[in-house]
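K.L.:
Sequence order for the protein chains is A and B.
Taking my numbering, the leading residue of the first sequence gets 105, the next gets one more, and so forth.
Taking my numbering, the leading residue of the second sequence gets 45, the next gets one more, and so forth.
Idealized CB from N, CA, C, for every residue including glycine.
Below is a structure I'd like to ask you about.
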Amino acid sequence: MSGSTAEASSRVLVAGVYLADRENRVAHIAAEMARSARWKVEQRWVALGESPPPPGLEALTVLRISTPTPKFALLNRILEAASLAPYDYLLVCDDDVTLPDGFLDRYLEFLGEHDLALAQPARTHESFTDHPIVEQLDGLDARRTRFVEIGPVFSIRRDAMALVLPFDEASPMGWGYDFVWPVVLEEVGKHIGIVDATPVAHDLRKPVALYDHGSANAAMKAYLASRPHLSKGEAFTILEAYAR
Amino acid sequence: MMKAKARGSSSPALSAVVCTLNRADLIGQMLESLCKQTLDRDAFEVVVVDDGSKDPTREVVHGFEGRLPLRYSFQRNAGLASARNHGVFLSRGRLLLFLDDDDVADPALLEAHVRAHLRHPKESMGILGYTRLDPSIAADPLMHFATEVGCFLFSYPRLKPGVPLDFGHFWGGRSSCKRSFLIDHGVFNPVFRFGCEDIELAYRLSRHDFKVVYEPEAVLTMVRRVDFAGFCRRLWRQGQSNFIFSRLHDAPEVQRWTEVKEAEEEWARFGPAYELLLRSAGQLDRLVRMRAEAGMAVPPEETALLHRAYWAAFRAAKFKGIVDKARERTGAPEPGGPRAA
Numbered sequence: 105m106s107g108s109t110a111e112a113s114s115r116v117l118v119a120g121v122y123l124a125d126r127e128n129r130v131a132h133i134a135a136e137m138a139r140s141a142r143w144k145v146e147q148r149w150v151a152l153g154e155s156p157p158p159p160g161l162e163a164l165t166v167l168r169i170s171t172p173t174p175k176f177a178l179l180n181r182i183l184e185a186a187s188l189a190p191y192d193y194l195l196v197c198d199d200d201v202t203l204p205d206g207f208l209d210r211y212l213e214f215l216g217e218h219d220l221a222l223a224q225p226a227r228t229h230e231s232f233t234d235h236p237i238v239e240q241l242d243g244l245d246a247r248r249t250r251f252v253e254i255g256p257v258f259s260i261r262r263d264a265m266a267l268v269l270p271f272d273e274a275s276p277m278g279w280g281y282d283f284v285w286p287v288v289l290e291e292v293g294k295h296i297g298i299v300d301a302t303p304v305a306h307d308l309r310k311p312v313a314l315y316d317h318g319s320a321n322a323a324m325k326a327y328l329a330s331r332p333h334l335s336k337g338e339a340f341t342i343l344e345a346y347a348r
Numbered sequence: 045m046m047k048a049k050a051r052g053s054s055s056p057a058l059s060a061v062v063c064t065l066n067r068a069d070l071i072g073q074m075l076e077s078l079c080k081q082t083l084d085r086d087a088f089e090v091v092v093v094d095d096g097s098k099d100p101t102r103e104v105v106h107g108f109e110g111r112l113p114l115r116y117s118f119q120r121n122a123g124l125a126s127a128r129n130h131g132v133f134l135s136r137g138r139l140l141l142f143l144d145d146d147d148v149a150d151p152a153l154l155e156a157h158v159r160a161h162l163r164h165p166k167e168s169m170g171i172l173g174y175t176r177l178d179p180s181i182a183a184d185p186l187m188h189f190a191t192e193v194g195c196f197l198f199s200y201p202r203l204k205p206g207v208p209l210d211f212g213h214f215w216g217g218r219s220s221c222k223r224s225f226l227i228d229h230g231v232f233n234p235v236f237r238f239g240c241e242d243i244e245l246a247y248r249l250s251r252h253d254f255k256v257v258y259e260p261e262a263v264l265t266m267v268r269r270v271d272f273a274g275f276c277r278r279l280w281r282q283g284q285s286n287f288i289f290s291r292l293h294d295a296p297e298v299q300r301w302t303e304v305k306e307a308e309e310e311w312a313r314f315g316p317a318y319e320l321l322l323r324s325a326g327q328l329d330r331l332v333r334m335r336a337e338a339g340m341a342v343p344p345e346e347t348a349l350l351h352r353a354y355w356a357a358f359r360a361a362k363f364k365g366i367v368d369k370a371r372e373r374t375g376a377p378e379p380g381g382p383r384a385a
């Protein structure tokens with residue numbers, strides 16, 4: 105694990121899975137996260153594939169696995185091993201994003217300012233985007249929404265961890281979580297949202313390019329069938345917008 | 045399937061989305077007209093997105109709280125497409141009606157849109173309403189030309205009600221569509237700050253069979269007169285957006301709509317006389333106005349001359365916008381913005 109050099113009492117855990125045999129940006133992501141001046145950042149990454157971790161990632165790679173395994177099942181494995189109690193935030197990151205300079209400090213500042221227990225940074229306009237609501241809205245800092253996507257980056261505040269974790273492996277690729285999470289969090293009065301001021305570029309790989317769309321979709325349908333969830337129309341809604 | 049009920053968010057039939065910027069003097073008229081709708085108050089909401097106004101817009105809008113099912117949201121100035129997207133996601137209505145801040149709604153406007161969608165329930169159908177000129181500006185020579193002759197603002201004279209129209213008829217500020225269709229297939233492209241944001245979206249949606257039907261009973265009234273210089277600026281900006289649109293989509297129908305391919309050739313024709321064209325059209329515009337204000341009749345040949353002058357000036361301003369944007373992209377020297385006499 106690595107931490108920032110600055111003294112900080114608040115702790116963040118960054119967890120993610122990278123595809124070791126494919127082009128990825130995990131080195132950039134890990135370095136950018138570690139630059140935080142305000143937070144003590146620890147990172148736990150899973151390498152999926154045969155190739156060795158890239159330079160600098162050896163110590164942060166807590167699990168190496170070559171058998172194809174769903175992302176959220178892997179995340180559950182490394183999060184089980186880590187006690188989450190000391191962390192103020194958990195950030196879950198994919199390996200194919202570019203983060204803006206100073207991402208973590210600015211992003212977490214907006215979460216604090218707007219009381220967002222579950223959140224994600226918006227995607228840049230050039231990013232691959234499945235749901236238009238997650239694309240950056242120019243002119244805003246952040247929005248309280250009824251939708252936070254399962255990737256490529258999202259955060260869970262300490263008080264929401266027990267509501268969201270462990271990830272439900274009934275939908276091992278995570279499809280459908282984002283329509284259930286708002287119900288679970290709203291039930292206890294917690295806010296979720298999107299931070300537009302720190303957009304991430306998700307432009308390296310097309311989503312769903314590397315796994316079976318059909319089986320993930322079937323898993324989602326089965327998952328949603330037995331859980332209270334929002335429709336797309338309900339979920340893709342801004343409840344409040346923030347612009348300084 | 046179990047479905048969570050959205051807490052505290054009953055869904056109205058229609059959300060009227062009004063994006064505004066520094067129009068504190070006008071938006072009150074729009075909101076006042078929305079207070080007088082025949083559609084049941086519970087069946088609609090009004091979403092005002094303030095695109096960074098520096099004037100008292102916020103105070104004017106807040107003055108309508110309690111009189112309208114109203115939501116106001118502010119963003120730093122980011123352009124019309126971003127503001128409309130902001131409005132799309134703030135909205136809770138099954139239908140979205142995009143309105144301009146300088147129009148006034150007929151009392152039956154919202155009801156007419158809802159009824160038209162009931163007649164055209166397919167998700168991919170949008171509705172285009174009618175916009176007339178307020179009597180105070182209807183006789184204005186430029187506004188008359190722009191709407192009835194040259195059709196630079198609207199081109200209603202050639203539209204037939206009930207006939208499905210293509211993407212070029214999803215005119216912003218007077219059209220409605222199903223929210224779910226946008227949610228599923230795409231929203232406005234924020235690259236457009238003014239002009240083309242509506243048509244470009246409709247073009248993308250047309251790949252999912254999006255069509256527009258003209259509903260003349262859904263009436264808005266335009267109350268703001270655009271002067272000659274303002275109209276030239278508007279067309280110059282439109283030309284810039286046309287260029288961007290043409291670069292986003294290479295399809296022949298987009299190239300035809302944007303007129304970018306012929307712009308260089310047209311500009312070669314208009315360009316050398318550009319200043320003169322604008323100056324002479326501006327002078328004719330002033331002359332005709334002076335006659336009208338003095339109660340003097342305008343001879344038909346003078347009207348015909350004015351229309352030719354308007355036509356040439358406005359076409360030239362649009363082509364200049366296209367060419368300026370193209371040169372900006374290629375790093376060539378930019379001739380600057382439009383100037384009108």
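Quick one: what's Arg261/A bridged to in DSSP?
P.N.:
For the purposes of this step, residue 261/A is taken as residue 157 along the first sequence, with counting starting at 1. DSSP output for Arg261/A lists Tyr193/A as bridge partner(s).
K.L.:
Taking a Cβ distance cut-off of 8 Å, strictly less, list which residues of the segment 91-104 of chain B are near chain A, in chain order.
P.N.:
Under the 8 Å Cβ criterion, the segment 91-104 of chain B contributes Asp95, Gly96.
K.L.:
Let me see if you follow: with CB-CB separation under 7 Å, is Leu134/B close to chain A or not?
P.N.:
Residue numbering aside, residue 134/B sits at position 90 when the second sequence is read from its first letter. Leu134/B counts as touching chain A.
K.L.:
Does DSSP put Leu285/A in a helix, a strand or coil?
P.N.:
Along the first sequence, one-based indexing puts residue 285/A at 181. Checking the sequence, you will find Trp at residue 285/A rather than Leu. Trp285/A: helix per DSSP, three-state reduction.
K.L.:
For Gln240/A, collect the residues of the same chain with a Cβ closer than 7 Å to its Cβ; drop the 5 residues on either side in sequence, then sort them by chain order.
P.N.:
Taking the first residue of the first sequence as position 1, residue 240/A is located at position 136. Hits under 7 Å: Ala226, Arg227, Thr228, His229, Asp300, Pro303.
K.L.:
Between the C-alpha atoms of Gly365/B and His293/B, what's the straight-line distance to the nearest angstrom?
P.N.:
By one-based count along the second sequence, residue 365/B stands at place 321. By one-based count along the second sequence, residue 293/B stands at place 249. So the alpha carbons of these two residues sit roughly 18 Å apart.
K.L.:
Can you tell which of Arg278/B, Arg237/B, Phe232/B, Phe189/B has its C-alpha closest to the C-alpha of Val332/B?
P.N.:
Mapped onto the second sequence, residue 332/B falls at position 288. Checking every option, the nearest Cα to that of Val332/B belongs to Phe189/B.
K.L.:
Taking 7 Å as the CB-CB cut-off, is Leu244/A touching chain B?
P.N.:
The sequence position of residue 244/A within the first sequence is 140, counting from 1. Judged by the 7 Å Cβ criterion, Leu244/A is in contact with chain B.
K.L.:
Using 10 angstroms around the beta-carbon of Ala110/A, count the other beta-carbons present and answer buried if the total reaches 16, otherwise exposed.
P.N.:
Residue 110/A sits at position 6 when you count from the first residue of the first sequence. Interpretation of Ala110/A is limited by its pLDDT of 43, a score under 50 that renders its predicted location unreliable; the figure taken from the coordinates is listed afterwards. So Ala110/A ends up on the exposed side.
K.L.:
What residues from chain A crowd round Val342/B, counting only those whose CB sits closer than 8 Å?
P.N.:
Here the question's residue 342/B lines up with position 298 in the second sequence. What Val342/B touches in chain A: nothing, since even the nearest Cβ is about 45 Å away.
K.L.:
Using a Cβ cut-off of 7 Å (strictly closer), state whether Arg115/A contacts chain B.
P.N.:
By one-based count along the first sequence, residue 115/A stands at place 11. By this cut-off, Arg115/A is not an interface position.
K.L.:
Going by alpha carbons, who is nearest to Arg223/B out of Val158/B, Leu65/B, Ser117/B?
P.N.:
Working through the second sequence from its first residue, we reach residue 223/B at position 179. Selected option, being the one with the closest Cα: Val158/B.
K.L.:
Could you compute how far the alpha carbon of Phe289/B sits from the alpha carbon of Lys362/B?
P.N.:
Sequence index remark: in the second sequence, residue 289/B carries index 245 (1-based). Sequence index remark: in the second sequence, residue 362/B carries index 318 (1-based). Those two C-alpha atoms are separated by around 14 Å.
K.L.:
Please say whether Phe358/B and Leu279/B have beta carbons closer to each other than 7 Å?
P.N.:
As a working mapping, residue 279/B is identified with position 235 in the second sequence. As a working mapping, residue 358/B is identified with position 314 in the second sequence. Their beta carbons are under 7 Å apart, which means Leu279/B touches Phe358/B by this criterion.
K.L.:
So within the segment 157-183 of chain A, which uninterrupted beta strand (DSSP E) runs reach at least 3 residues, ignoring any that extend past its ends?
P.N.:
If we require 3 residues or more, the beta strand (DSSP E) runs fully inside the segment 157-183 of chain A come out as 165-169.
K.L.:
By Cβ distance, which residues of its chain are closer than 6 Å to Glu310/B, with the 5 residues on each side in sequence left out?
P.N.:
The sequence position of residue 310/B within the second sequence is 266, counting from 1. The residues are Phe363.
K.L.:
Would you list the residues sitting across from Arg265/B in a DSSP beta bridge?
P.N.:
As a working note, residue 265/B is residue 221 in the second sequence. Rather than Arg, the amino acid found at residue 265/B in this sequence is Thr. Val148/B, Arg176/B, per the DSSP bridge assignment.
K.L.:
Locate the alpha helix (DSSP H) running through Asp300/A, then write down its first and last residues.
P.N.:
Translated into the one-based positions of the first sequence, residue 300/A becomes position 196. Run containing Asp300/A: none in the alpha helix (DSSP H); it sits in the beta strand (DSSP E), 295-304.
K.L.:
Rounded to a whole number of angstroms, what is the C-alpha to C-alpha distance between Ser335/A and Leu78/B?
P.N.:
The residue you call residue 335/A lines up with position 231 of the first sequence. The residue you call residue 78/B lines up with position 34 of the second sequence. Distance between the alpha carbons of Ser335/A and Leu78/B is about 29 Å.
K.L.:
Out of Asp368/B, Arg373/B, Tyr354/B, which has the shortest C-alpha to C-alpha gap to Leu186/B?
P.N.:
Working through the second sequence from its first residue, we reach residue 186/B at position 142. It is Tyr354/B whose Cα lies nearest to the Cα of Leu186/B.
K.L.:
Just mark Ala99/A as buried or exposed, buried being the case when its beta carbon has 16 or more other beta carbons within 10 Å.
P.N.:
Nothing about residue 99/A can be read from this structure; chain A reaches only from 105 to 348.
K.L.:
Run through chain A and tell me which residues come within less than 9 Å of Gln119/B, C-beta to C-beta.
P.N.:
Against the second sequence, residue 119/B aligns to sequence position 75. Result: Leu241, Asp242, Gly243, Leu244, Ala345, Ala347.
K.L.:
Could you check what DSSP says for Lys255/B in three-state terms: helix, strand or coil?
P.N.:
As a first step, residue 255/B must be located in the second sequence, where it is residue number 211. Three-state DSSP puts Lys255/B in a strand.
K.L.:
Pick helix, strand or coil for Gln119/B, following the three-state DSSP scheme.
P.N.:
One-based indexing of the second sequence puts residue 119/B at position 75. If DSSP states are grouped into helix, strand and coil, Gln119/B belongs with coil.
K.L.:
What would DSSP say about Gln224/A, mapped onto helix, strand or coil?
P.N.:
Sequence index remark: in the first sequence, residue 224/A carries index 120 (1-based). DSSP places Gln224/A in strand when its eight states are reduced to three.
K.L.:
Closer than 9 Å, Cβ to any Cβ of chain B: which residues of the segment 226-240 of chain A, in chain order?
P.N.:
Flagged, chain order: His229, His235, Pro236, Ile237, Glu239, Gln240.
K.L.:
Short of 6 Å in beta carbon distance, which residues of its chain neighbour Val256/B, apart from the five on each side in sequence? Order them along the chain.
P.N.:
The residue you call residue 256/B lines up with position 212 of the second sequence. Correct list, in chain order: Gly170, Leu172, Leu209, His213, Phe214.
K.L.:
Chain A partners of His130/B, CB-CB under 8 Å?
P.N.:
Position 86 of the second sequence, counted from the first residue, corresponds to residue 130/B. Chain A residues near His130/B: Leu241, Gly243, Leu244, Ile342, Ala345.
K.L.:
Go ahead and label Tyr346/A buried or exposed: buried means 16 or more other beta carbons lie within 10 angstroms of its beta carbon, across all protein chains shown.
P.N.:
Translated into positions along the first sequence, residue 346/A becomes position 242. That one is buried.
K.L.:
Pull up the distance between the alpha-carbon of Met105/A and that of Ala320/A, whole angstroms please.
P.N.:
Looking up residue 105/A in the first sequence gives position 1. Looking up residue 320/A in the first sequence gives position 216. Only weak support is given to the placement of Met105/A: the predicted model assigns it a pLDDT of 39, under 50, and the value that follows is read from those uncertain coordinates. Rounded to whole angstroms, Met105/A to Ala320/A spans 32 Å at the Cα level.
K.L.:
For the alpha helix (DSSP H) containing Thr386/B, name the first residue and the last one.
P.N.:
Residue 386/B is absent from the structure shown; chain B starts at 45 and stops at 385.
K.L.:
Taking the Cβ atom as the reference point for each residue, do Val150/A and Leu161/A lie within a distance shorter than 7 Å?
P.N.:
Here residue 150/A corresponds to residue number 46 of the first sequence, with the count starting at 1. Here residue 161/A corresponds to residue number 57 of the first sequence, with the count starting at 1. Their beta carbons are not under 7 Å apart, which means Val150/A does not touch Leu161/A by this criterion.
K.L.:
Classify Asp198/A: buried if its beta carbon has 16 or more other beta carbons within 10 angstroms, exposed otherwise.
P.N.:
Here the question's residue 198/A lines up with position 94 in the first sequence. Buried, by the Cβ-count rule.
K.L.:
So what does Ile171/B bridge to, in DSSP terms?
P.N.:
Residue mapping note: residue 171/B aligns to position 127 of the second sequence, counting from 1. For Ile171/B, which the question treats as bridged, DSSP gives the partners Ser220/B, Val257/B.
K.L.:
According to DSSP, simplified to helix, strand and coil, what is Lys98/B?
P.N.:
Here residue 98/B is taken as the residue at index 54 of the second sequence, counted from 1. Reduced to three states, the DSSP call for Lys98/B is coil.
K.L.:
Kindly identify the DSSP beta-bridge partner or partners of Gln147/A.
P.N.:
Counting from one through the first sequence, the residue named residue 147/A turns up at place 43. Note: Gln147/A sits in a beta bridge opposite Val118/A.
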